[in-house]
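Residue numbers (mature numbering (1 follows the signal peptide of the UniProt record, and there is no 0)): -25 to -1, 1 to 438. Here the structure is laid out as structure tokens; the discussion comes afterwards.
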């Protein structure tokens, strides 16, 4: 069931004609408006940025690839931290069909060692055979080409990588090499597991064209191709959920705010910013808000397998009955919120439109920083499954991204405590602005926080 977006009456006027977008997201240490309220201070005074930093440091000691033992150890740590704050924490397992990348990828032609990459969903195997040029790997390209027992050299283009491998395998090839049709290396996926796949690797345009030229000149080449450790099958990852119930059940407004992050990382990346930073911030805000009086349930969640396609968050949302989905009035999603080398803080909504989350956060950032945090349209994180259900949601992220994104250099030394403090204050005060007790009576939607003029602020996505 779709939930109507909650609209806030924005009541405080602010003239912005001479203010640049970049000024909107500056950390609060340098530009406070001086109008933040006693409720803001109740939350801010509880936040310890060193706790966030230290939890990032713990989590980033090793990559946390979905369904790996390292990810599960992170799940246990997150659960233990929630419990140390006084919460009951639930681990929610879910299965998905996944791929384990190979630990060994090697290719040599004659006496020359090359620099291949593997494809996602490639088969494992060791093959030494004659190398044959198979054009673009289309069925027509293979007509009259003897591939039985050979290794096919194929150029990128026209059809998918998976179809190229299948066509070659069905023609008898025991291995496939696909080279780029543009400068640079090639990384890709075969699209999904298939028992007909043979070991497949990629090469740069320069290396691939050199081989194609040798074959065109009539040289006979023998290639040795090794892919070991690649495996496809069912995997299990986990979400972690802790909930702060309303302080007084007699004043429970029945609504839920979800604060979320993902705890997994990509292979080879310690993931200090992506996304130990968001996970550590969820933990610290759970601790900071534990004893604050609230009339709204605040649910603290960390999701698994985000990097593989938002699998954990989609499982969480899809498992909720409509009666529970309809109670969720907002999702604040934290992803990559601490890099010193990234740009300024922005919010991203699924449809690019304002909603309860953007309006609460713009109100809080205006109170704290003197300017509202801008927002634009964007997906690719765990706010998307909430938005698909019609739940007001936004991603909090810095833009443009840091150069260390998804690399082994995403480490603790790149984390800014100032940026962590800024995001933690904006998000926590926005949530508490809604969830704090309304002593004047029932507050089903908390419709009128202090905020800025009804004009909304957008920036271009510069990634």
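Backbone N, C-alpha and C fix where the C-beta goes; we use that ideal spot for every residue, glycine too.
Do you know whose CA, among the options, lies nearest residue i's CA?
| i | options | result |
| --- | --- | --- |
| residue 28 | 396, 139, 113 | 396 |
| residue 264 | 304, 197, 406 | 406 |
| residue 324 | 317, 333, 49 | 333 |
| residue 440 | 97, 161, 183 | This structure gives no information on residue 440, because the portion of the chain shown stretches from -25 to 438. |
| residue 235 | 295, 226, 278, 329 | 278 |
| residue 23 | 309, 411, 350, 400 | 400 |
| residue 351 | 301, 327, 390, 130 | 327 |
| residue 390 | 360, 318, 342, 340 | 318 |
| residue 105 | 63, 259, 151 | 151 |
| residue 135 | 114, 247, 81 | 114 |
| residue 409 | 233, 301, 247 | 233 |
| residue 18 | 260, 68, 131, 188 | 260 |
| residue 366 | 311, 301, 382 | 301 |
| residue 33 | 124, 148, 49 | 49 |
| residue 320 | 331, 297, 306, 344 | 344 |
| residue 198 | 227, 376, 126, 223 | 126 |
| residue 68 | 273, 361, 216 | 216 |
| residue 330 | 250, 358, 36 | 358 |
Can you give the Cα-Cα distance for residue i and residue j, rounded to whole angstroms?
| i | j | result |
| --- | --- | --- |
| residue 99 | residue 299 | 44 Å |
| residue -1 | residue 65 | Confidence at residue -1 is low in this model, with a pLDDT of 38, below 50, so the placement of that residue should be treated as unreliable; the coordinate-derived value is given next. Rounded to whole angstroms, residue -1 to residue 65 spans 35 Å at the Cα level. |
| residue 90 | residue 175 | 13 Å |
| residue 322 | residue 372 | 6 Å |
| residue 75 | residue 92 | 14 Å |
| residue 179 | residue 158 | 7 Å |
| residue 417 | residue 221 | In this prediction, residue 417 has a pLDDT of 37, which is less than 50 and means its spatial position is unreliable; what the coordinates show is noted afterwards. Answer to the nearest angstrom: the Cα atoms are 13 Å apart. |
| residue 46 | residue 112 | 38 Å |
| residue 164 | residue 336 | 38 Å |
| residue 195 | residue 364 | 58 Å |
| residue 356 | residue 133 | 30 Å |
| residue 170 | residue 61 | 49 Å |
| residue 471 | residue 402 | The question about residue 471 has no answer, for the chain in this structure spans -25 to 438. |
| residue 276 | residue 214 | 7 Å |
| residue 286 | residue 380 | 20 Å |
| residue 167 | residue 191 | 33 Å |
| residue 255 | residue 243 | 20 Å |
| residue -5 | residue 411 | The predicted model places residue -5 with a pLDDT of 32, which falls under 50 and marks its position as unreliable; any figure quoted below should be read in that light. Using only the alpha carbons, I get a separation of about 31 Å. |
| residue 392 | residue 122 | 58 Å |
| residue 394 | residue 44 | 30 Å |
| residue 138 | residue 153 | 12 Å |
| residue 56 | residue 342 | 31 Å |
| residue 442 | residue 353 | One cannot answer for residue 442 here, as it falls past the ends of the chain, which runs -25 to 438. |
| residue 252 | residue 200 | 39 Å |
| residue 108 | residue 83 | 16 Å |
| residue 387 | residue 238 | 15 Å |
| residue 432 | residue 370 | Residue placement at residue 432 cannot be trusted, given a pLDDT of 29 that sits under 50; the coordinates are not used to answer. |
| residue 248 | residue 110 | 42 Å |
| residue 212 | residue 142 | 34 Å |
| residue 348 | residue 58 | 33 Å |
| residue 270 | residue 227 | 5 Å |
| residue 219 | residue 339 | 21 Å |
| residue 311 | residue 193 | 52 Å |
| residue 73 | residue 225 | 46 Å |
The alpha helix (DSSP H) spanning residue i covers which residue range?
| i | result |
| --- | --- |
| residue 51 | 44 to 59 |
| residue 112 | It is not in any alpha helix (DSSP H) - residue 112 carries neither H nor E in the DSSP assignment. |
| residue 41 | No alpha helix (DSSP H) contains residue 41, which DSSP labels as neither H nor E. |
| residue 299 | 297 to 300 |
| residue 26 | 24 to 34 |
| residue 14 | 13 to 19 |
Comparing the CB of residue i with every heavy atom of the ligand ADP, is any distance shorter than 7 Å?
| i | result |
| --- | --- |
| residue 117 | The model on display carries no ligand, and the ligand ADP is accordingly not part of it. |
Tell me the residue span of the beta strand (DSSP E) that contains residue i.
| i | result |
| --- | --- |
| residue 70 | 64 to 75 |
| residue 397 | Careful: residue 397 lies outside any beta strand (DSSP E), inside the alpha helix (DSSP H) at 392 to 410. |
| residue 320 | 319 to 324 |
| residue 82 | 79 to 84 |
| residue 202 | 197 to 203 |
| residue 98 | Element bounds for residue 98: n/a, residue is neither H nor E. |
| residue 309 | 303 to 309 |
Give the C-beta separation of residue i and residue j to the nearest angstrom, bearing in mind that I take them to be a contact with Cβ-Cβ under 8 Å.
| i | j | result |
| --- | --- | --- |
| residue 161 | residue 78 | Contact doesn't hold; Cβ gap of about 20 Å is too wide. |
| residue 304 | residue 230 | 5 Å |
| residue 20 | residue 258 | Their Cβ separation, rounded to whole angstroms, is 18 Å, which puts residue 20 and residue 258 out of contact at 8 Å. |
| residue 385 | residue 268 | With a Cβ gap of about 38 Å, residue 385 and residue 268 do not count as contacting. |
| residue 41 | residue 289 | Rounded, the Cβ-Cβ distance is 13 Å, inconsistent with contact. |
| residue 280 | residue 71 | 6 Å |
| residue 124 | residue 149 | 6 Å |
| request: Ignoring anything shorter than 4 residues or poking outside the stretch 327 to 369, list the alpha helix (DSSP H) runs there in chain order. | output: 331 to 344, 359 to 363
| said: Which runs of the beta strand (DSSP E) at least 3 residues long sit entirely within the stretch 104 to 186? Give them in chain order. | reply: 126 to 130, 150 to 154, 175 to 178
| message | Please give me, in chain order, every unbroken run of the beta strand (DSSP E) with length at least 3 that falls completely inside the stretch 219 to 292. | response | 231 to 237, 272 to 278
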